[in-house]
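Same order as they appear, the protein sequences are chains V and A. With this note's numbering, letter number 147 in the first sequence gets 147, and the count goes up by one each step, no holes. With this note's numbering, letter number 245 in the second sequence gets 245, and the count goes up by one each step, no holes. What follows is a short report on a single structure.
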Amino acid sequence: MTSKGKIKPGYTRSLDFKNGCVEMVHGSGGRAMTQLIDQLFMTAFDNDLLRQMNDQACFQSVAGRMVMSTDSHVITPLFFPGGDIGSLSVHGTINDVVMSGAKPTYLAAGFILEEGFPLSDLKRIVESMAKAAQEAQVPIVTGDTKVVEKGSGDGVFITTTGVGIVPDGINISSNKAQPGDKILVSGTLGDHGIAIMLLRENLSFHCALESDSASLHDLVAKMVATTPNLHVLRDPTRGGVATALNEIARQSDVGMMLYEDKLPILEPVNAACEFLGLDPLYVANEGKLIAICKPEDADQLLATMHTHPLAKNAAIIGEVIEDHHCFVQMETRFGGKRVVDWLSGEQLPRIC
Amino acid sequence: MKYIDEFRDGDLARKIAANIRLEADHSRSYHLMEFCGGHTHAISRYGIVDLLPDNIHMIHGPGCPVCVLPIGRVENAIQLAQTPGVILCSYGDMLRIPTANGMSLLKTKAQGADIRMVYSSADTIKIAQNNPQHQVVFLAIGFETTTPPTAVVIKQAQALGLTNFSVFCNHVLTPSAISHILQSPEVRQLGVVPLDGFIGPAHVSTVIGSQPYEYFAEEFQKPVVIAGFEPLDVMQAILMLIRQLNEGRAEVENEFTRAVLPSGNRKAQMLVAEVFELRRSFEWRGLGLVPYSALKIKSNYAEFDAEQRFQIPSISIADNKACECGAILRGVKQPQDCKIFGTVCTPENPIGSCMVSSEGACAAHYSYGRWRETNADRMEN
């Protein structure tokens, strides 16, 4: 809240967003905290509900089903090609909400800041969050800030919670995949994970790869309009497409058969995976979704997806099969078959 | 991807498969050992077995560097990592190997030890330079492929005058392991393990060349075909082995001509010879003590030898009794012959080393191939 008001604020000096850093007092509930909230969060996220300055946001309930989801973001590095922890924390939660077919309505954000974290970086992150929220037209209506001592955090952790409204007649759930259904993905796989890994491992690869971090609300709205009887939607974040499909297979008590030659994967992603000994099926995405629908709906759904800028490379990558062992299998480009198993531990590079 | 996709072409694979089917003698069987974990991984990942006729059996050899490291050496590494002031560096797969009491380097790290995963041995020098107050130990493992890079960092450390850097050397030698298998009673006398030929190592052979295998071909009358790690390389090598066996030849042939010369990489060999010398014997998981099968750091470079700097004791720890890793590494058993495979021993909770690395026979079979048994069970039921 900027001081349009009658009461002069209790601080005289503005926050130093150029050289200043987060201090313990910014989390201790006093004037410094109010100043941080006023000059940073309120300014960036400004909306009617937040402006009421209550500990909670109060809004009208709606008839029908609502969804709610929460996600904590702890990414290193905080800034990466194609986004940062701020935009990611908005996209991540919106995507979790919309995978039910819902229209997202409100977000809440909790920050854990590490003492000594540069205010300039925090401002960049918060402004990036605000921009992402505004683009998705989902206001951040309540929040919280805590500061931990230097060494007890990793710069910034952000937890966001989102709520949304499911349109009547939509019933999307990961236990609804049925034998015969088609499996679609909305675009190229593994872009986010590889973009991050190339920064994190200090590998001196030079490539123009960007994270795919994006909010999928609009794409989902169009997909649901075309195919109200969508069976499953899932965003394949950590653990990649392989993990998401294994989860769906188990929840639906079905198997899956993928076709390796149908998987959309960018060449730099393939090359980096090859070099690092990784499998792109297990690499994280932040702006992609998996959709499972009846076979007769698949072509029309794919055509709708292709008209959306976030799903130009959408593809049908496989089908659901009957299998009580719930194996996800893949027909390799080579003509053989293999299991696409759950990831064991972290994906580690091979030695030879 | 150029230079990659050409070696994964499905149409070409089917053509080679057709030739294999055409040329394989139906009245006999072929037992071929792929020595390297890289080959095991390719066979599983691309489903190569599906393309082969039933009378061709692939046996997974001991060429997975993580799998053959004895538990005692892992225990040594854990103790080193727990030493105050030590930063232990190693390659990714090493961190998950379980010891007898269920510890691993990953768990040791979680308890507070400073253990770092590196992609390249060169990273360890940087870590040593950036942490002058710490002793940085590089847990070096692997066959001839990873040995020259270790030699390079030892020489660099000497040139830089680093006093806080050392190497815990566990480098092992491929030819000694192959001879050990060929000389084992199971293969030589008893005929328990029918072994007709070898797919020779890919990356190892880029360093040592194709000549070191001449001896096996000659002495044991077993054909060797050196092959790259791409699936078409493996298919072509199988075809070449079948042709040799059909014609009664036992020669060393090189399928991996794009990378392997008969004499190998002389520069790398000279570097290794300068920094390392043979150990009299070394324990291999699954094979036991194998004479002259591993390297240690020469006395000229003793100051960079972690075994001397930290007085590392020799510990010998037996494998879990139910674990068949030993027999699997010798080619005597298949992963599915092991009672604890897929039940007690899984990639999440590996009991034996073959389940740890994705190059290990058990992990590769668990991750990529176990639906075969499940499907077979169902058909029988």
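For glycine and all other residues, C-beta sits at the position ideal for the given N, C-alpha and C. As the structure is a computational prediction, the values presented were derived from the model and not from experiment.
With distance defined between alpha-carbon atoms, name the residue in the options nearest to residue i.
{"i": "Leu289 (chain V)", "options": "V:Ile37, V:Ala214 and V:Cys21", "result": "V:Ala214"}
{"i": "Ser120 (chain A)", "options": "A:Arg96, A:Asn130, A:Val152 and A:Gln135", "result": "A:Val152"}
{"i": "Ser14 (chain V)", "options": "V:Ile37, V:Glu322 and V:Gly27", "result": "V:Ile37"}
{"i": "Gly264 (chain A)", "options": "A:Ala128, A:Ile208 and A:Leu95", "result": "A:Ile208"}
{"i": "Ser72 (chain V)", "options": "V:Thr160, V:Val141, V:Ala44 and V:Glu135", "result": "V:Thr160"}
{"i": "Gly277 (chain V)", "options": "A:Gly142, A:Pro201, A:Ser357 and A:Ala77", "result": "A:Ser357"}
{"i": "Ile181 (chain A)", "options": "A:Gln236, A:Ala17 and A:Lys222", "result": "A:Lys222"}
{"i": "Val74 (chain A)", "options": "A:Asp11, A:Glu34 and A:Ser104", "result": "A:Ser104"}
{"i": "Ala327 (chain A)", "options": "A:Arg285, A:Leu261 and A:Ala363", "result": "A:Arg285"}
{"i": "Ala136 (chain V)", "options": "V:Leu119, V:Gly162 and V:Lys123", "result": "V:Gly162"}
{"i": "Gln336 (chain A)", "options": "A:Asn349, A:Ile312 and A:Ala364", "result": "A:Ala364"}
{"i": "Ser166 (chain A)", "options": "A:Leu80, A:Gly10, A:Met58 and A:Asn254", "result": "A:Leu80"}
{"i": "Gly360 (chain A)", "options": "A:Cys67, A:Ala217 and A:Ala177", "result": "A:Cys67"}
{"i": "Ile317 (chain A)", "options": "A:Met94, A:Arg279, A:Ala100 and A:Ser27", "result": "A:Ala100"}
The beta strand (DSSP E) spanning residue i covers which residue range?
{"i": "Phe111 (chain V)", "result": "Lys103 to Glu114"}
{"i": "Lys337 (chain V)", "result": "Lys337 to Val339"}
{"i": "Pro30 (chain A)", "result": "First, the amino acid is wrong: residue 30 (chain A) is Tyr here, not Pro. Tyr30 to Cys36 is the span of the beta strand (DSSP E), which, as asked, contains Tyr30 (chain A)."}
{"i": "Cys89 (chain A)", "result": "Val86 to Ser90"}
{"i": "Val136 (chain A)", "result": "Gln135 to Gly142"}
{"i": "Ser72 (chain V)", "result": "Met66 to His73"}
{"i": "Gly264 (chain A)", "result": "First-last for Gly264 (chain A): undefined, no H or E at that position."}
Determine the DSSP secondary structure at residue i, reduced to helix, strand or coil.
{"i": "Glu277 (chain A)", "result": "strand"}
{"i": "Arg234 (chain V)", "result": "strand"}
{"i": "Met103 (chain A)", "result": "coil"}
{"i": "Tyr259 (chain V)", "result": "strand"}
{"i": "His57 (chain A)", "result": "strand"}
{"i": "Gly92 (chain V)", "result": "helix"}
{"i": "Leu162 (chain A)", "result": "coil"}
{"i": "Asn254 (chain A)", "result": "strand"}
{"i": "Gly369 (chain A)", "result": "helix"}
{"i": "Ile71 (chain A)", "result": "helix"}
{"i": "Phe282 (chain A)", "result": "strand"}
{"i": "Met330 (chain V)", "result": "strand"}
{"i": "Pro98 (chain A)", "result": "coil"}
{"i": "Val356 (chain A)", "result": "coil"}
{"i": "Ile351 (chain A)", "result": "coil"}
{"i": "Ser3 (chain V)", "result": "Unreliable positioning characterises Ser3 (chain V) in this predicted model, as indicated by a pLDDT of 45, which lies under 50. The coordinate reading is nonetheless provided below. Coil at Ser3 (chain V), not helix or strand."}
{"i": "Thr343 (chain A)", "result": "coil"}
By the criterion of Cβ-Cβ separation under 7 angstroms, what are the contact partners of residue i in chain V?
{"i": "Arg266 (chain A)", "result": "Under the 7 angstroms cutoff, chain V gives no residues; its nearest Cβ is about 22 angstroms from Arg266 (chain A)."}
{"i": "Ile208 (chain A)", "result": "In chain order: nothing, as chain V lies at least about 14 angstroms away."}
{"i": "Pro231 (chain A)", "result": "Phe334"}
{"i": "Ala13 (chain A)", "result": "Phe334 and Gly335"}
Considering residue i, what are the terminal residues of the alpha helix (DSSP H) in which it resides?
{"i": "Asp299 (chain V)", "result": "Pro295 to His306"}
{"i": "Lys2 (chain A)", "result": "Unbroken run through Lys2 (chain A): none, as it is neither H nor E."}
{"i": "Arg116 (chain A)", "result": "Unbroken run through Arg116 (chain A) is the beta strand (DSSP E), Asp114 to Met117; no alpha helix (DSSP H)."}
{"i": "Asn170 (chain A)", "result": "No alpha helix (DSSP H) contains Asn170 (chain A), which is instead part of the beta strand (DSSP E) from Phe165 to His171."}
{"i": "Ile20 (chain A)", "result": "Gly10 to Glu23"}
{"i": "Ile316 (chain V)", "result": "Not the alpha helix (DSSP H): Ile316 (chain V) falls in the beta strand (DSSP E), residues Ala315 to Ile321."}
{"i": "Asp48 (chain V)", "result": "Asp48 to Arg51"}
{"i": "Thr174 (chain A)", "result": "Thr174 to Gln183"}
Give the interface partners of residue i over in chain V, defined as CB-CB distance under 8 angstroms, in chain order.
{"i": "Leu51 (chain A)", "result": "Phe334, Gly335 and Gly336"}
{"i": "Gly369 (chain A)", "result": "Arg338 and Val339"}
{"i": "Ile127 (chain A)", "result": "Per Cβ cutoff of 8 angstroms: no residues; Ile127 (chain A) is ~11 angstroms from chain V at best."}
{"i": "Ile48 (chain A)", "result": "Phe334 and Gly336"}
Flag residue i as yes if its beta-carbon sits less than 9 angstroms from any beta-carbon of chain V, otherwise no.
{"i": "Met379 (chain A)", "result": "In this prediction, Met379 (chain A) has a pLDDT of 46, which is less than 50 and means its spatial position is unreliable; what the coordinates show is noted afterwards. No, no contact with chain V."}
{"i": "Arg45 (chain A)", "result": "yes"}
{"i": "Tyr366 (chain A)", "result": "yes"}
{"i": "Gly10 (chain A)", "result": "yes"}
{"i": "Ala17 (chain A)", "result": "yes"}
{"i": "Ile312 (chain A)", "result": "no"}
{"i": "Tyr30 (chain A)", "result": "no"}
{"i": "Pro347 (chain A)", "result": "yes"}
{"i": "Tyr213 (chain A)", "result": "no"}
{"i": "Tyr119 (chain A)", "result": "yes"}
Which chain A residues are close to residue i, counting only those with a beta carbon under 7 angstroms from its beta carbon?
{"i": "Glu267 (chain V)", "result": "Met1"}
{"i": "Asn270 (chain V)", "result": "Met1"}
Would you check whether the ligand NAD has a heavy atom nearer than 8 angstroms to the C-beta of residue i?
{"i": "Met42 (chain V)", "result": "The ligand NAD is not among the ligands present in this structure, which contains no ligands whatsoever."}
Would you say residue i reaches chain A, if we count a Cβ-Cβ gap shorter than 9 angstroms as a contact?
{"i": "Asp253 (chain V)", "result": "no"}
{"i": "Asp261 (chain V)", "result": "yes"}
Closer than 9 angstroms by beta-carbon distance: list the chain A residues that pair up with residue i, in chain order.
{"i": "Glu274 (chain V)", "result": "Met1 and Ile4"}
Residue i versus chain V: which residues are under 9 angstroms apart at the beta carbon?
{"i": "Ile238 (chain A)", "result": "Going along chain V, no residue has its Cβ under 9 angstroms from Ile238 (chain A), so there is no contact; the nearest lies around 13 angstroms."}
Is there a Cβ from chain C that is less than 9 angstroms from the Cβ of residue i?
{"i": "Leu289 (chain A)", "result": "The displayed structure is made up of protein chains V and A, and chain C is not among them."}
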